[in-house]
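Trainee:
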Amino acid sequence: MEEAKKAVESITEGVKKVAVGAGAAPNNNKDNKPKKEKKAKGGDDAASAGPLELKPAPDFLQSRIELFDRLKKRQDEEIAAKERRPIEITMPDGTIKAGTSWETTPGEIAKGISNSLYKRTVVARLNKDPNQLWDLDRPLEASCKLELLNFDDEQGKQVFWHSSAHILGEACERRFGCSLCIGPPVDNGFYYEMALPGGASVQASDWKPLESIVGSIVKEKQKFERLEMTKDELLEMFSYNKYKQHIIKDKIADGTKTTVYRNGPLIDLCRGPHVPSTERIEAFSIMKNSASYFLGSQENDSLQRVYGVSFPSKKELAAHKKWLEEAAARDHRKLGEQQQLFFFHELSPGSAMWLPHGARIYNTLMAYIKEQYFKRDYHEVITPNMYNSDLWKVSGHWAHYKDDMFVMDVDKEQFALKPMNCPALILPPPSPSATTFTAHPCHPPLRIRPQSHAVMEEAKKAVESITEGVKKVAVGAGAGAAPNNKDNKPKKEKKAKGGDDAASAGPLELKPAPDFLQSRIELFDRLKKRQDEEIAAKERKPIEITMPDGTIKAGTSWETTPGEIAKGISNSLYKRTVVARLNKDPNQLWDLDRPLEASCKLELLNFDDEQGKQVFWHSSAHILGEACERRFGCSLCIGPPVDNGFYYEMALPGGASVQASDWKPLESIVGSIVKEKQKFERLEMTKDELLEMFSYNKYKQHIIKDKIADGTKTTVYRNGPLIDLCRGPHVPSTERIEAFSIMKNSASYFLGSQENDSLQRVYGVSFPSKKELAAHKKWLEEAAARDHRKLGEQQQLFFFHELSPGSAMWLPHGARIYNTLMAYIKEQYFKRDYHEVITPNMYNSDLWKVSGHWAHYKDDMFVMDVDKEQFALKPMNCPGHCLMFGHAPKAYHQLPWRVADFGVLHRNEASGALSGLTRVRRFQQDDAHIFCREDQIGQEITNLFDFLRSMYSLLGFTYKLRLSTRPDKFMGERATWDRAEDMLKVALDEFAATEGGVAWELNEGDGAFYGPKIDIKILDCLNREWQCATIQLDFQLPINFGLEYVTADSAAKTKEDAAAKGPEVKTKEPEAVVESAAAADGKEPAKKQLRMSKPLTPGSARPVIIHRAMAGSIERFTGILIEHFGGKWPMWLSPRQIQIIPVGRGFFEYAEEVQKIFKDAGFWVDVDLSGETLQKKVRRAQLAQYNFVFIVGDEEMKGRQVNVRYRDDTSSQDRGKPVDVDEAIAKLKELRDSRLVYNPWPSAKPAAPEAKKV
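Residues 1 to 1254 (full-length UniProt numbering) make up the sequence shown, in order.
1) Which first and last residues belong to the beta strand (DSSP E) in which residue 1198 is found?
2) For residue 1255, does the count of other Cβ atoms within 10 angstroms reach 16, so buried, or fall short, so exposed?
3) Around the Cβ of residue 719, are there at least 16 other Cβ atoms within 10 angstroms (buried) or fewer (exposed)?
4) For the alpha helix (DSSP H) containing residue 423, list its first residue and its last residue.
5) When DSSP builds the beta bridges, which residues end up paired with residue 899?
6) If the criterion is Cβ atoms closer than 8 angstroms, does the pair residue 742 and residue 762 meet it?
7) Suppose you measure from the CA of residue 634 to the CA of residue 840; what does that come to, to the nearest Å?
8) Looking only at C-alpha atoms, which of 1042, 692 and 946 sits nearest to residue 516?
9) Give me, in chain order, the residues of the same chain whose beta-carbon lies closer than 6 angstroms to that of residue 1049; leave out the 5 immediate sequence neighbours on both sides.
10) Looking only at its own chain, which residues have a Cβ that is under 8 angstroms from the Cβ of residue 508, when we skip the five neighbours before and after it?
11) Specify the secondary structure class of residue 390 as computed by DSSP and reduced to three states.
12) Hey, quick one: how far does the beta strand (DSSP E) through residue 1113 stretch, first residue to last?
13) Do the stretch 986 to 1001 and the stretch 931 to 942 meet, that is, are 3 or more Cβ pairs less than 8 angstroms apart?
14) What are the boundary residues of the alpha helix (DSSP H) that residue 358 is part of?
15) If you count every other CB in all the chains shown that lies within 10 Å of the CB of residue 628, and 16 or more means buried, which is it?
16) Count the other CB atoms, across all protein chains shown, that sit within 10 Å of the CB of residue 271; report buried if there are 16 or more and exposed otherwise.
17) State buried or exposed for residue 1190, treating a residue as buried only when at least 16 other CB atoms are found within 10 Å of its CB.
18) Look up residue 601 in the DSSP assignment and give the residues it is bridged to.
19) Any chance the CB of residue 168 is under 7 angstroms from a heavy atom of the ligand PLP?
20) Can you say whether residue 603 is buried or exposed, counting buried as having 16 or more other CB atoms within 10 angstroms of its CB?
21) Buried or exposed for residue 392, please, with buried defined as at least 16 other CB atoms from any protein chain shown within 10 angstroms of its CB.
22) Can you look up residue 91 in the DSSP assignment and give me helix, strand or coil?
23) Round the Cβ separation of residue 1115 and residue 920 to the nearest angstrom and send it over; I've been treating them as touching at under 8 angstroms.
24) Tell me which residues share the same chain as residue 88 and place their Cβ nearer than 6 angstroms to its Cβ, disregarding the 5 neighbours each side in the sequence.
25) Which residues bound the alpha helix (DSSP H) around residue 864?
26) By a C-beta neighbour count over all protein chains shown, 10 Å radius and 16 as the cutoff for buried, is residue 178 buried or exposed?
27) What residue ranges within the stretch 115 to 183 form continuous beta strand (DSSP E) runs of no fewer than 3 residues, ordered along the chain?
28) Once the 5 residues before and after residue 275 are set aside, which same chain residues still bring their CB inside 6 angstroms of it?
29) If you run the structure through DSSP and keep just helix, strand and coil, what is residue 854?
30) Tell me the rounded alpha-carbon separation between residue 1239 and residue 774.
31) Going by beta carbon distance, what residues of the same chain come within less than 7 angstroms of residue 1202, once the five residues before and after it are set aside?
32) Spatial neighbours of residue 911 within its chain, please: C-beta separation below 7 angstroms, excluding the five flanking residues on both sides.
33) I'd like to know if residue 772 contacts chain C, where contact means its C-beta is closer than 8 angstroms to some C-beta of that chain.
34) Measuring CB atoms only, is the stretch 813 to 828 touching the stretch 1133 to 1144, in the sense that at least three cross pairs come out at less than 8 angstroms?
35) Which class does residue 343 belong to by DSSP, given the choice of helix, strand or coil?
36) Unbroken alpha helix (DSSP H) runs of length 4 or more, entirely within the stretch 1131 to 1187: which are they?
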């Protein structure tokens, strides 16, 4: 390792070392006492042959003793002058001993009982007060209760070891002439910390001489003497020792006294007490030495520590050393390494990396605790990992605990990782709305209770402005949440003062029109005339246009347009066509009226094509932009198509806001624009011409200067008076937009940054027909009813709080769903030979520099300073898994190595982009990485398809597959890419041919730079597409981290080497970075930061990494499931499985008995013991979406039955079916465990199950 350190600069140090149970000292002095002492050059013999201690002794010893003697004499005279009075000393057995104040000592009381008791006694304790420990030779001052403590008492042992530390301190002063710092007792012994002259270090060869000096000190029977001194006297006594000076000045208040203790020549600042004399320390041994920092801070001097242990007898010391040997054999760090349970890496100090076998123990222990929680009516919740500092200020932790917290800056505010959960558990959840199901007070009490609103209000008033963050709660806080105006279109328009009618009564648009419109048109017309002349002068050549069916159309370059081709086939085709696509290239979209320039393949896209739809909505955005300019005279910014429509962003004059009352007038202007059949015209312009055209608009100016390179051209499009910077293409004319509707308006920031101006956005949607718009609005109503934010509030699943934006707070019922989903995935992992691991939440930036993320992803990470270095919360698990793979050697037969991780991830999403559970900052993934050989890729992909099919079919999802291949900029060998792509294509083809398989699409050139990928989109019950799963091949990370495995060809040699060397755990060294980390930091590095990849070890090969996830973010996936099921959870996922309703008070006891029976069977079961009517109870259970309602009355109680009503079977709602309790348990267990959806007690022949068993 030392050789490696010299080869690489300091920044890579963190990537090189792995410390199991890292207990290393801050410098090179390790705990180094051998089990058996061995003689070495310059070792113990050399030390023993030299002087045992300094001759002459250091000067400070004599001056210190002289001051002590003078002050001690004065103290003795003061004590002699004290008035003596009779006192009573009460012993533990109740007997009372007579004594005299300021004369009688605890030691005399002990001797009066027996000499053996005195010899066993270490210290006295007065009045049963652990803070009143008393030297045996110190006179008592008043009547008291007296206990005589020996070594077996914990406080007696600490005093014994404290006295031993002083003896060790004396030995060190006599041997080294050092400056002592502190010498406390600790677990299993004591240490003394010191600074040796010239910054020297204690060596193992010093141990024997020190023990020899200690032996002589013990034989000298030095008495421990106590002396009280003032602060000034202490500063005089320790004038030679800067460390004591610091402690005295910092810890001792002016005008007060404290004590020192003397034994022999040693005098040290100490509260005491101590044993009577050094002879009590019969057995003493030095255990180790190490380096440390003064006061524990790296800012201070590096010091030396010598650790020791002592006992009243040599027999006890021998027994202790034997105990230490047994403890060492059981050391969790040693066993953790031997059994491959965990290791530590200095890239994440203090955070264990749990290997598969360790994670099994960890998770089994967690599962047992959760089982006990369920049994004992605890409700598990899931809370964010970091909060705004306001929370910690309210709780009081900020004032007292801040230095022990990991703090970072987020959105110009301070956030901290939580060191405990309690403050979060008292944050008030949102107040239930009228439609929210509220658990009845008779339900089992929560063990985790939200703090009452009254208490929170009181705390707010007490802490003033810093507590503002506790006041607001946003349930499912949507991304569209605007900085000022909210999305405010009502379902039904209502007239209000100054509302739509007032707006309609005023001018529809500005008169006269803004001046910039005319000047902009004049420049456009002049440049368009020039462009038309240039096109007219182009040489015309015959071209061939190949249609999708293979037919070829003849045309002329710079004349024939896609629109003419469409019209030549049929007018109806032309009217349906939105845009053309050339050569099957998604980046070659072409206006229908734009002349073709060369022979090509031509596709005519309509609104049903995804790219056609985006063009249609982009054109609609331009129409909306024209309407906004005509109504407001605004400065337009950007107007892109988005999911389900489009928007235009703008700055209104005087910082005004768009109102809901503007919607109708804007739609009216849009209607007139459509009727005008304005043509969309395309014009290429230079950067200077663009700056001239948009001189009135500072936002366009910024975009032009920032995005368009000097000497290049880009395009604008015109329709009517609107001319806007735009790449296009567009529909031929505005008449294509037959149905248009404004959906909402909100505020935003220019370029999405809070640093910039606040702008206004108007959102809209459009369709080729009014029928399609009406269907879309109906679809929106259904989607709104299923909105996971709304259902999450109604079902009390989760909420969001602004003290931790983008981090869901999962309430008990939501946590049940979350954990059940995780449990299903873990079950699949076990079945499919994945190994779960647990990795740290944050790493040193060096890790991200090696992986390449620091250069490309740093702005999306939460970064903090720790020990003068930068650390970041992990946004993904793959680099940590690379460290794990490299932790121990791997051979070809150990692959594939499938490793899964549910670790918490954080990504610093912009606050304006946060949207309920679908866009969050804190989340967990079913994240796994498969390290495999290249020849195993095909089979692993096939296995992943089987996993995907099982999981998605169970949940009722269909899905689409798309293969993205090598991009223009890629890393690795072209031949490797080709082989990998061929293997993926074969696997996709084979999957498509299987039962339940799906066809796949090719997405050429859209792979990641490190490997091809398969994108999977699921379709929910509303046919919406969601990106969840991903399968990506990665050839680059194994190179960056220097990962390798022993190939089959060299396996025999590897076995021989392993047999010769024995078991070994070693760390692979990470290799390369994609870019310089300094470039990411925006500054020049002081020295070379990371080195490039090393060559492969002979006989080894690089593994391929397959990144894969099925659900992706569990938060996002749960949000999708909420909307997919509409809140009606299948039994196995349901957080409310059974509600028991007694028909009257006489059946409460039986209802509770049934509840216990079903709870013992593992069901989520509640009982409604309220006094409301049966009908109201049943209705409440139905609204809460319980899968089953059990009605119990006289018949059920006598027959030990339950009357079952199944949520999804309307025929069972009026009168359920009486079922024996044992039968109900058996059938519901079968339903739950099968994960099917059906009625166990059908009233008619059941339909086919909705899902297949997996």
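Just so you know, even glycine gets a beta-carbon here, dropped at the ideal spot from N, CA and C. Predicted model, so just to flag it, every value in this text is computed and none were measured.
Mentor: On the basis of the coordinates in this document:
1) Run containing residue 1198: none in the beta strand (DSSP E); it sits in the alpha helix (DSSP H), 1194 to 1199.
2) For the chain, the structure presents residues 1 to 1254; residue 1255 sits outside this window and is missing.
3) buried
4) 422 to 425
5) 835 and 929
6) yes
7) 50 angstroms
8) 692
9) none
10) 631, 665, 668 and 669
11) helix
12) 1104 to 1113
13) yes
14) 356 to 375
15) buried
16) exposed
17) buried
18) 546
19) This structure does not include the ligand PLP; it has no bound ligands of any sort.
20) buried
21) buried
22) coil
23) 5 angstroms
24) 96 and 143
25) Not the alpha helix (DSSP H): residue 864 falls in the beta strand (DSSP E), residues 863 to 866.
26) buried
27) 121 to 126 and 144 to 150
28) 122 and 163
29) helix
30) 36 angstroms
31) 1154, 1190, 1192, 1196, 1219, 1221 and 1224
32) 411 and 805
33) The structure shown contains no chain C; it holds only a single protein chain.
34) yes
35) strand
36) 1148 to 1160 and 1174 to 1183
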